[in-house]
Amino acid sequence: MESLTGETQKKRVCYFFDSDIGGFHYGPGHPMKPTRVRMCHALVMNYGLYKKMEIFRAKPASKREMTQFHSDEYIDFLNRVTPSNMKSFVKQQHKFNVWDDCPIFDGLFDYCSISAGGSMEGAARLSRDKCDIAINWAGGLHHAKKGEASGFCYVNDIVLGILELLRYHQRVLYIDIDVHHGDGVEEAFYTTDRVMTCSFHKYGEFFPGTGELRDVGVQKGKYHAMNFPLRDGISDENYKSVFEPVITKVIETFDPSAIVLQCGTDSLSGDKLGSFNLSMKGHANCVKFVKSFNRPLLLVGGGGYTMRNVSRAWAYETGLAVGVELGPEIPVNEYYEYFGPEYQLNVKPSNADDLNTRTYLDRVKRIIFDNLRHMGGPPSVQMQDIPSLPHDEDMDDDDDDELIPPDVRRHRRLLDSRRQADGELSDSDDEGEGGRRNHKSDRDSDEKLGTGMVGILAAGPTSAHAGPSGQTTVERILSSKMDVDEQED
Ligand SMILES: [Zn+2]
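Residue numbers (the working numbering): 26 to 514.
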């Protein structure tokens, strides 16, 4: 373990971990495995990082805290439904999309509470200047919507964490390096200029189907959403060549007083669901780079489906947060056998082609820079813009629904039909870990993604509120009968 060179001052780091997280299972064959967070923790401890930071077990988020963003009805459902009583909740399961990708499992609500509690408490400690960097690898569940689960995410810990930051910070920047678009967070803050969301993700025939370059936010939030659509196989070098200049410009223009970085590791090479080609160091460079701006920073997890690589990257990034570079040899730990045969920390890139050409990346970068010029500098913020929270005043969720114009007041329904994708995304495992099928679903054209949403900071009716993208075809992350190798269990 070596100290990072060029560090001017050590950061005070708060790290949130609840060992219960490893006990939750989405079900057989499901690629999301909460155990990965415990694997990461085993590395963190055995590398000795506990000596350099404060470790907390956060108070699990309560129902009331979750309804600062989510609807009462949805949270109540999550709190009540169990595998044994789910038969009496069939209607709600469909309404809230809690089936298929987002199954009901034992302890579901507790799992959401732990994930959300870490991000909220991390944000609270940052706001109260108790630390410079807060870390919650059990968080980062960026797809969850106000009243709907999506893409393995039920409760949006990131939105809840940002809401906590907004009580003390005028402007919060959200950066998302998961391979998937950070749609739930973007949607929540699509109409406000107090949160800027920046997502770098694979776009095109890929879940969730949103996150086009032209989606920049609406109303006061115009130019406060940024999407960098990428193609398969992006390398460390190409990623860095867009990430660093774009983030530099965003921070210069928006001037946030706090930053949330979603560190989804499905953008690593060899991920079971992702198709990028980042090495551990390429991924971690984003953490190092964002940290170098010296603003209060909340690091959260996210996707990541090749568990041994997820744990490697997050352990290494925890090291960077505290100012050390972890050595290359994996220390002996309870999951040691998973890191064989080489027992090395690094996640190496493959020889996959990078389909992101220089011309393409430069063109997208140019358009994003143009959009940033339109932002016109940091907005002035009145203190009365601070969002009210349930403990500040009573919140009646029924009223919230009235903000949505009747013509778009529709929930995304069950998918009527499915067809298998053309095979271009299948079997991406580089280590023969079994076949994977991606399914694509067709939706009615009037069920465009994002319709019916209201930015949670919107002050009144938002009739002109188009969705982030208006995609009609959505690539599902997986089908209910997916066939995934269980080797890592
Ligand atoms: Zn993802």
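No residue lacks a Cβ here, since even glycine has one placed at the ideal position from N, Cα and C.
Own chain residues within Cβ distance below 8 Å of residue i, not counting five before or after
i    : result
Y5   : In the structure as shown, the chain starts at 26 and stops at 514, and residue 5 therefore has no counterpart that could be examined.
N396 : V241, Y248, M251
M111 : Q118, I129
A338 : C288, T290, L293, M305, H308, A309, G329, V372
C127 : A174, S175, G176, F177, C178, Y179
Beta-bridge pairing of residue i - partner residues as DSSP gives them
i    : result
Q369 : E354
C137 : DSSP lists no partner for C137.
Y199 : T222, V285
S28  : V349
C544 : Not covered by the structure: residue 544. The range shown for the chain is 26 to 514.
C39  : E79, A159
P254 : H226
L322 : I158, I284
L303 : L293
K170 : E173
Exposure of residue i, with buried meaning 16 or more beta-carbon neighbours within 10 Å
i    : result
D469 : Bear in mind that a pLDDT of 31 at D469, under 50, signals an unreliable position, so the model cannot answer this.
K170 : buried
G328 : buried
T384 : exposed
K76  : exposed
G448 : Note that G448 scores 26 on pLDDT, short of 50, meaning its location in the model is unreliable; the coordinates nonetheless yield the value given after this. So G448 ends up on the exposed side.
T382 : exposed
E359 : exposed
D261 : buried
G229 : exposed
K58  : buried
S336 : buried
H226 : buried
H66  : buried
G401 : exposed
D257 : buried
R398 : exposed
G326 : buried
D387 : exposed
P254 : buried
V315 : buried
G207 : buried
G186 : buried
C156 : buried
V357 : exposed
D43  : buried
R63  : buried
P53  : exposed
Residues near residue i by beta carbon distance below 7 Å, same chain, minus five either side
i    : result
K245 : T216, T217, D218
L351 : M26, Y72, A340, Y341, G344, L370
S28  : G348, V349
F121 : Y99, F102, G172, E173, A174
S292 : I202, D203, V204, G299, F301, L303, H308
F394 : K274
L380 : R256, D257, G258
F364 : R333, I355
Same chain, Cβ closer than 6 Å to residue i, neighbours up to 5 away in sequence not counted
i    : result
E427 : With a pLDDT of only 30 at E427, under 50, the local geometry of the prediction cannot be trusted, and the value read off the model is given with reservation. Excluding residues within five positions, none has a Cβ falling inside 6 Å.
T60  : G47
A83  : F41, G142, G143, E146
I276 : F318
Y193 : S152
V180 : M91, C137, A141, A169
G209 : H167, H168, A169, K170, N181
M78  : V38, Y40, V347
F114 : V106
A159 : C39, G147, R150, L151, L323
F49  : P59, G132, Y136
K313 : L345
M221 : L198, H249, F279
> Any chance the region 90-103 sits against the region 168-182, with 3 or more Cβ pairs inside 8 Å?
Replying inline: yes
>> With three or more beta-carbon pairs closer than 8 Å as the criterion, would you say the region 64-72 touches the region 83-93?
In response: no
>> Quick test of the definition: if touching needs 3 or more C-beta pairs under 8 Å, does the region 140-160 touch the region 255-267?
In response: no
>> Taking 8 Å as the cut-off, does the region 342-357 touch the region 32-40 (at least 3 CB pairs, one atom from each stretch)?
In response: yes
>> For the pair the region 265-285 and the region 195-214, tell me if three or more CB-CB distances fall below 8 Å.
In response: yes
> Three or more beta-carbon pairs under 8 Å between the region 155-169 and the region 106-116, yes or no?
Replying inline: no
> Touch check for the region 233-247 and the region 311-326: three-plus C-beta pairs under 8 Å?
Replying inline: no
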